[in-house]
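In this text, residue positions in the first sequence follow numbering that gives the first Met the number 0: the first is 0, and each later residue adds one.
Beta carbons are placed, not taken as given, at the ideal position from N, Cα and C, and that holds for glycine.
Nothing here was measured: the structure is a model prediction, and the numbers come from that model.
Notes follow once the structure below has been shown.
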Amino acid sequence: MKFKFDCSENIESFLVQTAESLEGFEGGFEPQVRPADERFGDFQANGVLPLAKKTGRNPREMAQDLIDALPACDDWEASIAGPGFINFKLSSDFMLKWIRTFDHPEKAARSALVEEPKKIVIDFSSPNTAKQMHVGHIRSTIIGESLARLMVFCGHKVIRDNHLGDWGTQFGILLYAIKRENVSLDALGSDPIAELESLYRKGTAWTKEDESSLDKARKELVDLQAGKAENLELWKKIKDISMDSFHAIYDMLGVQFDFAHGESFYRDRVDEVYECLLKHGVCKEDDGALVVFHPEHKRFAKQPFIIRKKDGASNYATTDLATLSFREEEWKAEQIIYVTDGRQRDHFEQLFMTTRKWFSAENRATPELSHVWFGTILGEDNKAIKTRDGQPIKLVDLLNEAIERAGRMVREKNPELTKDEVTRRAKIIGLGAVKYADLSQDRTLDYVFSWDKLLAMQGNTAPYLQYAVARISSIFRKMPEGADSSILETRAPETPHERALARKLLFFPLALSQTLRELKPHFLCTYLYELATDFSSFYNHDKVMVEDRPTQGLRMLLCLRTKTFLCSGLDILGIETLEKM
RNA sequence: GCCCCCAUAGUUUAACGGAUAAAACAGUGGUUUCCUAAACCGUAGAUCGAGGUUCGAUUCCUCGUGGGGGCGCCA
Numbered sequence: 000m001k002f003k004f005d006c007s008e009n010i011e012s013f014l015v016q017t018a019e020s021l022e023g024f025e026g027g028f029e030p031q032v033r034p035a036d037e038r039f040g041d042f043q044a045n046g047v048l049p050l051a052k053k054t055g056r057n058p059r060e061m062a063q064d065l066i067d068a069l070p071a072c073d074d075w076e077a078s079i080a081g082p083g084f085i086n087f088k089l090s091s092d093f094m095l096k097w098i099r100t101f102d103h104p105e106k107a108a109r110s111a112l113v114e115e116p117k118k119i120v121i122d123f124s125s126p127n128t129a130k131q132m133h134v135g136h137i138r139s140t141i142i143g144e145s146l147a148r149l150m151v152f153c154g155h156k157v158i159r160d161n162h163l164g165d166w167g168t169q170f171g172i173l174l175y176a177i178k179r180e181n182v183s184l185d186a187l188g189s190d191p192i193a194e195l196e197s198l199y200r201k202g203t204a205w206t207k208e209d210e211s212s213l214d215k216a217r218k219e220l221v222d223l224q225a226g227k228a229e230n231l232e233l234w235k236k237i238k239d240i241s242m243d244s245f246h247a248i249y250d251m252l253g254v255q256f257d258f259a260h261g262e263s264f265y266r267d268r269v270d271e272v273y274e275c276l277l278k279h280g281v282c283k284e285d286d287g288a289l290v291v292f293h294p295e296h297k298r299f300a301k302q303p304f305i306i307r308k309k310d311g312a313s314n315y316a317t318t319d320l321a322t323l324s325f326r327e328e329e330w331k332a333e334q335i336i337y338v339t340d341g342r343q344r345d346h347f348e349q350l351f352m353t354t355r356k357w358f359s360a361e362n363r364a365t366p367e368l369s370h371v372w373f374g375t376i377l378g379e380d381n382k383a384i385k386t387r388d389g390q391p392i393k394l395v396d397l398l399n400e401a402i403e404r405a406g407r408m409v410r411e412k413n414p415e416l417t418k419d420e421v422t423r424r425a426k427i428i429g430l431g432a433v434k435y436a437d438l439s440q441d442r443t444l445d446y447v448f449s450w451d452k453l454l455a456m457q458g459n460t461a462p463y464l465q466y467a468v469a470r471i472s473s474i475f476r477k478m479p480e481g482a483d484s485s486i487l488e489t490r491a492p493e494t495p496h497e498r499a500l501a502r503k504l505l506f507f508p509l510a511l512s513q514t515l516r517e518l519k520p521h522f523l524c525t526y527l528y529e530l531a532t533d534f535s536s537f538y539n540h541d542k543v544m545v546e547d548r549p550t551q552g553l554r555m556l557l558c559l560r561t562k563t564f565l566c567s568g569l570d571i572l573g574i575e576t577l578e579k580m
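Here it is in C-alpha cells:
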C-alpha cells in the first residue's frame, strides 16, 4: 500500500476497498476517518453509523462485519466500540516508519494536500491612505498573510495584493484642509501621517460646521478625480507618506505584497464596468443611480448594489468590479480571496453574484470567489474600535508595546545579553505573541481589545511554542560530539510520552488540510499548541540524552520532527522562531 | 421593517452531527543536585431558555431572551 502523508487516507482507502466487496455496504460508504480521543485509539471511523441508519441494519453488526473482512495488517489494530465506531490503534513500527519518512513537510504537502496548484490572488490588509493603521487593521493583515503562506506552502501560486483605499472621499476633505491651512506636505515633521490625520480631523469639523466648507471639499474631490495637476500632486504625496507609515508596520510584521494596486489604479477602468453591465442587462438605472438587483435572491431582489451614484461618481462597488475583472484578465486568477471585516458580507455577496452574471454573459471563466471574513475588534463599550470616536490605539503602538514587554522578559531571564540581542529576540517573541493571539481564535468571532489578551506570553501563546523550539535546539546544541549518528539506530516509541508525541506528529497533515479547507488559521494554532504540549510533557518525563542508543535515537528523531513541524507551522502563521530564548 | 453574526467553567477561548465537552488565564497544592521553570504534574469549576429533528445535538430547525452588525448614493 502506498504510504500517505495524511495517514488517515491510508485507513480510509483500506476501509473503502474492503467495503466494496462486502454485503450491506453497497452504494457509497464514507468511512469518516478522523483523529480519535486518546482513550479510544489513534483514529476512529464513524461512517458505519449513518450507513446502518440508511439500510436499517444494526450498526454494531455492520462494524463487526467490516472489521472481520479487513485483511491482516501489521500497521494498526481495528476494534469496535460504542454504538458502532471503529477504532484504530497504530502500531509503534508504523508510527516510526511514518516519522522517518516525512522529514520535509513542505515537499510532502505540495504533492499530498493539493491536487492541482492554482493561481490565487489574496486581497488583504487594504488600509485607507491618509490615515494611520490602528489595532482594528491588524486582523486582515495577519490573517491574510497567514493564508497566503499556507497556500504557498501547499504549492499554490499566490499573488498578494494590497487593495489600498486611496481614491475615496477622504481626499476632498483632506485637500481642502491642506489648502485652507496652507500646509506644506514636505515639512510635516517627524510623524507626517499623524499630521495628516489631525488635518483630516480639522477638515471634517469644518465641513460639519458650514455648508460652504463642505462644498469646497467636494470641489477638491471633483478636481482631483478630473485630474487637476495640483490636486494630483498633493494626492501623490499623501499616498507616499501613507505608504511609508504602512511599510514600517509591514516590515515589523514580515508582510510583503506583490502589488499594491489601490482603488486609484482602477479609476480609468470603471467606465468599462458600466458599459458591460448595461450591455448585458445586469444593471439598470434606478432613482438616478446605476444599480444591480438580483430578483432570484430573497434580499438582494430589493436591496440594491449601487455601482454608480446619482452624481455619476463611482464607488466601492464599481472599483471592486473593475478590480475583479482586471485580476481575471491580467493575472488569470483562478481563485480570489478577500480578507475583510464581516460587516462587508452583503457587499461581497452582491459583488460575487454580479460578477458571475457579467462574466457568464461574456463567456468568461469566473474565478472561485471567497470572502474570508473576520469579526470586529471591539472597544470596552462592545462597539467597534473606530477612528472617529476618541483615540483608537495605533497599531504601531501595540506592536512596540509587545516588543517592550517581551524585551523585559528576555532581559530578566538573560541579564548577560547585549542590547541588540535582547531587541532581536524581543521582536520575534513580542510580535509572535500578538499574531498568535489574533490567529488562535476562530476568525469569525468578535473580541474586545485587551492588552493582556494580545500580549500574553504564558500558556497557549506563541512564546510557549517558540520555547519548545528553543529547548529542542538546546538539546542538539549540548549533545556530545557524534551523538547525532544515533538517530540512524532507533527503536519504536514505547513510553506513554513518546507515543503521545509520535501520534501527534502524524496529525500534522490533517491540521494543514483542515486549515486549508476552512481557511481558518486557528485550526493550525490549536494543533501546534497541542504538539508543543505533548513535546513539553515528553521533555519533562523522558530524557533525550541517555546511554541506550536506540532510545536516544528515537527521542532525537522525535525532537527533530517536532522542531521541523513547529517551525513550519509557525512560519505559516508568520511567526519566527529562535534557537535560544 | 428585512437580513446576518454571536451566546460554553470566575475570565478568554476550543470542539469538521459522534463516545465521559477540551484548554489557557485567574484559584489551589506540588515539582528545579536532572537536555532552558516562558515549563511540568495534581485539584476545583461550564453548553442562555423552551420545544423539535436524530441511534446520537454545544453543533441542525423553530420560538424566545440578551449583545453586536448590515441594508439608496461611505469603504
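Considering just the uninterrupted stretch of the beta strand (DSSP E) at ALA80, what are its terminal residues?
Translated into positions along the first sequence, residue 80 becomes position 81. 75–80 is the extent of the beta strand (DSSP E) around ALA80.
C-alpha gap between ALA225 and GLN440, whole angstroms:
Here residue 225 refers to the residue found at position 226 when the first sequence is read from its first residue. Here residue 440 refers to the residue found at position 441 when the first sequence is read from its first residue. Taking the straight line joining both Cα atoms gives about 45 angstroms.
Which one or two residues does DSSP pair with ASN127 in a beta bridge?
Locating residue 127 in the first sequence gives position 128, where the first residue counts as 1. Residue pairing by DSSP places ASN127 opposite GLY164 in a beta bridge.
Return the CA-CA distance between ARG498 and GLU25, expressed in angstroms with no decimal places.
Taking the first sequence and counting its residues from 1, the one referred to as residue 498 is at position 499. Taking the first sequence and counting its residues from 1, the one referred to as residue 25 is at position 26. So the two alpha carbons sit approximately 37 angstroms from each other.
On the CB-based measure, 16 or more other CB atoms within 10 Å of its CB, does LYS53 come out buried or exposed?
For the purposes of this step, residue 53 is taken as the residue at position 54 of the first sequence. Result: exposed.
Please give the ranges of any beta strand (DSSP E) in the stretch 130–198, keeping only runs that are unbroken, at least 3 residues long and fully inside the region.
If we require 3 residues or more, the beta strand (DSSP E) runs fully inside the stretch 130–198 come out as 156–160.
Give a yes or no on contact between the stretch 196–214 and the stretch 149–168, applying the rule of three or more CB pairs nearer than 8 angstroms.
Under the Cβ criterion (8 angstroms, minimum of three pairs), the stretch 196–214 does not count as touching the stretch 149–168.
Where does VAL290 sit, in a helix, a strand or coil, going by DSSP?
Taking the first residue of the first sequence as position 1, residue 290 is located at position 291. Here VAL290 sits in strand by DSSP.
With C-beta atoms as the reference, is ALA383 less than 8 angstroms away from LEU454?
Taking the first sequence and counting its residues from 1, the one referred to as residue 383 is at position 384. Taking the first sequence and counting its residues from 1, the one referred to as residue 454 is at position 455. The answer is no: Cβ separation not under 8 angstroms.
How is GLU367 classed by DSSP in three states: helix, strand or coil?
Here residue 367 is taken as the residue at index 368 of the first sequence, counted from 1. DSSP places GLU367 within a strand segment (E or B) once states are collapsed to three.
Buried or exposed: ALA71, going by 16 or more other Cβ atoms within 10 Å of its Cβ?
Here residue 71 corresponds to residue number 72 of the first sequence, with the count starting at 1. Classification for ALA71: exposed.
Keeping to the same chain, check which residues put their C-beta closer than 8 angstroms to that of LYS331; ignore five residues upstream and five downstream.
Position 332 of the first sequence holds residue 331. If we look at LYS331 and ignore the five residues flanking it on each side, its Cβ neighbours are LYS118.
7 angstroms CB neighbourhood of VAL134 in its chain, flanking five on each side removed:
Numbered from 1 along the first sequence, position 135 holds the residue referred to as residue 134. Contacts found: ILE376, ILE384, PRO391, ILE392, LEU394, LEU397, PHE448.
Cross-strand partners of PRO34 (DSSP beta bridge)
As a first step, residue 34 is located in the first sequence; it is residue number 35 there, counting from the start. Bridge partners of PRO34: PHE42.
What are the start and end residues of each continuous beta strand (DSSP E) run of 3 or more residues lying completely inside the stretch 288–343, in chain order?
Within the stretch 288–343, the runs of beta strand (DSSP E) at least 3 residues long that lie entirely inside it are, in chain order, 288–291, 304–307, 334–340.
Thinking C-alpha only, which one of GLN169, SER211, GLY81, PHE258 is nearest ILE237?
To locate residue 237, count along the first sequence from 1; it is residue 238. When each option's Cα is compared against that of ILE237, the closest is GLN169.
What did DSSP end up calling VAL113 once you bin it into helix, strand or coil?
Position 114 of the first sequence, counting from 1, holds the residue named residue 113. Coil.
Taking the straight line between their C-alpha atoms, what separation do you get for LEU565 and LEU368?
Reading the first sequence from its first residue, position 566 is the one you call residue 565. Reading the first sequence from its first residue, position 369 is the one you call residue 368. Taking the straight line from one Cα to the other gives about 31 angstroms.
DSSP on LYS356, reduced to helix/strand/coil?
Taking the first sequence and counting its residues from 1, the one referred to as residue 356 is at position 357. Residue state, collapsed to three classes: helix.
Segment limits, beta strand (DSSP E) that includes LYS118:
Taking the first sequence and counting its residues from 1, one reaches residue 118 at position 119. First-last of the beta strand (DSSP E) with LYS118: 118–122.
Going by C-alpha to C-alpha distance, which of GLU333, ASN230, ASP380 sits closest to ALA364?
Here residue 364 refers to the residue found at position 365 when the first sequence is read from its first residue. Answer by Cα proximity: GLU333.
Any contact between the stretch 530–542 and the stretch 457–473? By contact I mean 3 or more CB pairs, one from each, below 8 angstroms.
Verdict: yes, contact present.
Once the 5 residues before and after ASP388 are set aside, which same chain residues still bring their CB inside 7 angstroms of it?
Walking along the first sequence from the start, residue 388 turns up at place 389. Its pLDDT being 43, under 50, ASP388 is placed unreliably in this model, and the value from its coordinates should be taken loosely. Excluding five sequence positions before and after ASP388, none of the CB atoms of its chain fall closer than 7 angstroms to its own CB.
Could you say if the stretch 289–302 and the stretch 244–257 meet the contact criterion of at least three C-beta pairs nearer than 8 angstroms?
Cβ pair count under 8 angstroms is below three, so no.
According to DSSP, what are the bridge partners of LEU377?
Counting from one through the first sequence, the residue named residue 377 turns up at place 378. LEU377 pairs with ALA383, VAL447.
Identify whether ILE85 lies in helix, strand or coil by the three-state DSSP scheme.
On the first sequence, position 86 is the one that residue 85 refers to. ILE85 falls in the strand class under three-state DSSP.
Start and end of the alpha helix (DSSP H) containing GLU219?
Here residue 219 is taken as the residue at index 220 of the first sequence, counted from 1. Secondary structure note for GLU219: its alpha helix (DSSP H) is the uninterrupted segment 210–225.
For a test of the three-state rule: what should DSSP assign to ASP388, helix, strand or coil?
Within the first sequence, residue 388 is the residue found at index 389, counting from 1. Residue confidence for ASP388 is low, a pLDDT of 43 falling below 50, so the modelled location carries little weight; the figure read from the coordinates is stated next. Looking at ASP388 - three-state DSSP - the assignment turns out to be coil, as it is neither helix nor strand.
Quick one: what's got a C-beta closer than 6 angstroms to VAL338's C-beta in the same chain, skipping five residues either side?
For the purposes of this step, residue 338 is identified with residue 339 of the first sequence, where counting begins at 1. If we look at VAL338 and ignore the five residues flanking it on each side, its Cβ neighbours are PHE123, SER139, ILE142, GLY143, VAL371.
Whose C-alpha, out of GLY83, ILE79, GLN31, is nearest the C-alpha of ARG56?
Counting from one through the first sequence, the residue named residue 56 turns up at place 57. Between ARG56 and the set GLY83, ILE79, GLN31, the nearest pair of CA atoms involves GLY83.
Short check: CB of PRO104 to CB of THR563, under 8 angstroms?
The residue you call residue 104 lines up with position 105 of the first sequence. The residue you call residue 563 lines up with position 564 of the first sequence. Cβ atoms of PRO104 and THR563: closer than 8 angstroms.
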